[in-house]
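Have a look at the structure below, then the notes.
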Amino acid sequence: MASSRKRKRVTLSIDTKLEILKKLDSGVSLSNIAVEYGIGKSTITDIRKSQEKIKQFAKEAKDNGTVKSRCIVRKAADDAFDKAMHLWFAQERSKGTPISGVMVTEKAKILYREMYPDKGENHFKASTGWLCRFKNRHGIRQLRMQEEFLTSDWNAAGVFKNIFKSFIEQHELTRDQVFNCDETGLYWRLLPNETLADNSEKQGKNFKSSKDRVTLMATANASGDFRLPLVFIHKKAKPRCFANVTMSALPVHYYSQRCAWMDKGIFSDWFFKHFVPLVKDYLTSKSLPIRAVLLMDNAPSHPAIENLLTEDGSIRCLFLPRNVTSLIQRMDRSILENMKCRYKRNLLQRLLLGSMQFESYTDFCKQLTIKDAVYMCAESWSEITSESLRRSWNTLWRCIDNTEPDNLENNEQMEINQLDFSEERQLLDITMEEQEEWLNADKHENGHPILSDHEIIELVRETAQPDSDSDKEGENAKKIPHMQAEECFTACLQWLEQQPEATPINLMMLHKLRTLAAKKLVSNLKQSTIKDFFKST
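Count along the sequence shown from 1, then add 7; that gives the number in our numbering.
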């Protein structure tokens, strides 16, 4: 009697389990998968039953680069504390802080005592075993900093320029194929101190709504020829002012996060759903090879670069060295500052144009909606010239083409100085000092927070999702009838035809919009007639 040979035990990584789930979704049979991976059908059935748990674990582990090596779907015994420690670790590494194993264990003891003050000191010992498990869970390969990151900023910048030059030459990239992105915070409702504050509003400087904050991320290529729509991050998923609005038609990529910060999930979603397709379309239109690289700073809100890569490897990311952003990444210093100044000038002009409609500073802030901010931000981003975008790369690109001028600092200041606020300053009766204080209020705001231990603990304990409830302030949403839209476009068209600023492009755009409204109106009338016919029969 022939004895059946016992099958060799096969240990599957999370990455392999994801491959199996993908094949099951595509219709591959259990038998073929069992033969390919050398496992039993019952194992595949168990994987399918646990697919939600596996996918959720993989999503959380992906940014740490541990999906390929992990085999067991198992979280830490104290998941909240583990997340708090990893958040602290990622934040310190993003600042370039040298970290050793001893530092991690000592910090773990301090953070644990602060998180659980009622538990005794010996309840958690931060042992060597705990440290090894912590490192394995989060894909931490070493706890020491490379020597070049401990040298001066300029030395690190010089090292990176050589790496960058080799990378560009190896992949044969042009300026059109090299992109940079960076985030900044914007106080979208903030006005100069005491502006329009009457006697009952002397606390106007600290008016809560005045510092409502959003995060913006700007992305453009080194030639200045192509810029992507801004990423716009607000606290609410869909405020009241966006009711009946087609979100995909907005001039920005709108996201929500409970603190209005950039995070890894948002960045990864934007990279694959927006950056990659738009860049591919752009390169195709220029008859260029589908190859591109995105430069960005190594912030805690950015996923690991090995997880920001297309399947064929044609579009990828590259981190800038820590502590040298201001030396070689000029997007944050020149472009973002210029864009925010333009937004604030537009904000003042909006205030002055509608000054008769508002009784006070508080009233203006309440009437201003996040939809207004979206359009003003998009307009400010479009006002940045292609030449400015190209010049912002000169400091870094000179390592490839040393004929590029390096007078960026003067050009930066020239761009800002051209934004004249004198008329608005006179009408609002504010001093130059108040103007400068207002313009610089969010100058050092970036797209990710630097949290204290207490804030880290509060963040990991917070389980609420982004609030999608309606805004208390802002316009009442209503659906505009097609007939009203058609009448408005007709009036706008007649008005524009009488203006010396009218252009053929603008006139044709209004013609198309009027035609669209008219077609929808006729379509509704036809449907109404058919319904009435059936009712009568």
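Note that beta-carbon positions come from the ideal geometry of N, C-alpha and C, so glycine has one too.
Three-state class that DSSP yields for residue i in the structure shown
i: D304; result: strand
i: K75; result: Note that K75 has pLDDT 49, beneath the 50 cutoff, so the model's placement of it is unreliable and no number is given.
i: S33; result: coil
i: E179; result: coil
i: D379; result: helix
i: T317; result: coil
i: E431; result: helix
i: H451; result: coil
i: I322; result: strand
i: H489; result: helix
i: F496; result: helix
i: R220; result: strand
i: N187; result: strand
i: L193; result: strand
i: N228; result: strand
i: L514; result: helix
i: L28; result: helix
i: S83; result: It is Ala, not Ser, that sits at residue 83 in the sequence shown. The answer is coil: DSSP assigns A83 none of H, G, I, E or B.
i: L458; result: coil
i: L94; result: helix
i: L327; result: strand
i: A256; result: helix
i: A299; result: strand
i: G45; result: coil
i: V17; result: coil
i: H145; result: coil
i: E155; result: Residue placement at E155 cannot be trusted, given a pLDDT of 35 that sits under 50; what the coordinates show is reported in the next sentence. Reduced to three states, the DSSP call for E155 is helix.
i: T135; result: helix
Boundaries (first-last residue) of the alpha helix (DSSP H) holding residue i
i: F274; result: K271 to W277
i: H241; result: From DSSP, H241 is part of no alpha helix (DSSP H) but of the beta strand (DSSP E) over V238 to H241.
i: T112; result: G108 to M122
i: S263; result: It is not in any alpha helix (DSSP H) - S263 instead sits in the beta strand (DSSP E) that spans H260 to S263.
i: D436; result: First-last for D436: undefined, no H or E at that position.
i: W404; result: N401 to W404
i: R234; result: No alpha helix (DSSP H) holds R234; DSSP gives it neither H nor E.
i: M346; result: L343 to L360
i: S393; result: S393 to R398
C-alpha gap between residue i and residue j, whole angstroms
i: A311; j: S341; result: 27 Å
i: L31; j: S20; result: 17 Å
i: E344; j: N353; result: 14 Å
i: N305; j: K450; result: 20 Å
i: K347; j: I273; result: 22 Å
i: L28; j: I40; result: 10 Å
i: T438; j: W445; result: 11 Å
i: H455; j: V467; result: 15 Å
i: L403; j: A97; result: 27 Å
i: L118; j: D125; result: 13 Å
i: T104; j: E508; result: 55 Å
i: N251; j: S294; result: 39 Å
i: D205; j: L528; result: For D205, the pLDDT reaches just 40, beneath the cut-off of 50, and the residue's location in the model is therefore unreliable, leaving the point undetermined.
i: E59; j: T317; result: 24 Å
i: P258; j: S387; result: 12 Å
i: K526; j: E493; result: 9 Å
i: T18; j: H145; result: 20 Å
i: C248; j: K351; result: 21 Å
i: Y123; j: P307; result: 25 Å
i: L327; j: V166; result: 11 Å
i: K172; j: T291; result: 24 Å
i: I322; j: E176; result: 16 Å
i: L355; j: Q505; result: 28 Å
i: S459; j: M110; result: 17 Å
i: Q184; j: D232; result: 10 Å
Cβ separation of residue i and residue j, assumed to be a contact under 8 Å, to the nearest whole Å
i: K168; j: C406; result: 4 Å
i: R220; j: G192; result: 5 Å
i: F186; j: A267; result: That belief does not hold up - the Cβ atoms of F186 and A267 are roughly 24 Å apart, past 8 Å.
i: C372; j: L301; result: Actually they do not touch by this definition, with Cβ atoms about 36 Å apart.
Worksheet item: Taking one C-beta from the stretch 425 to 439 and one from the stretch 374 to 388 each time, how about it: are there three or more such pairs within less than 8 Å?
Response: no
Worksheet item: Are there three or more Cβ pairs, one per stretch, closer than 8 Å when the stretch 81 to 96 is compared with the stretch 134 to 146?
Response: yes
Discussion item. Under 8 Å, with one C-beta from each stretch per pair, do the stretch 260 to 276 and the stretch 230 to 244 reach the 3-pair mark?
Written reply: yes
Worksheet item: If you pair each beta-carbon of the stretch 516 to 533 with each one of the stretch 280 to 292, do three or more pairs fall below 8 Å?
Response: no
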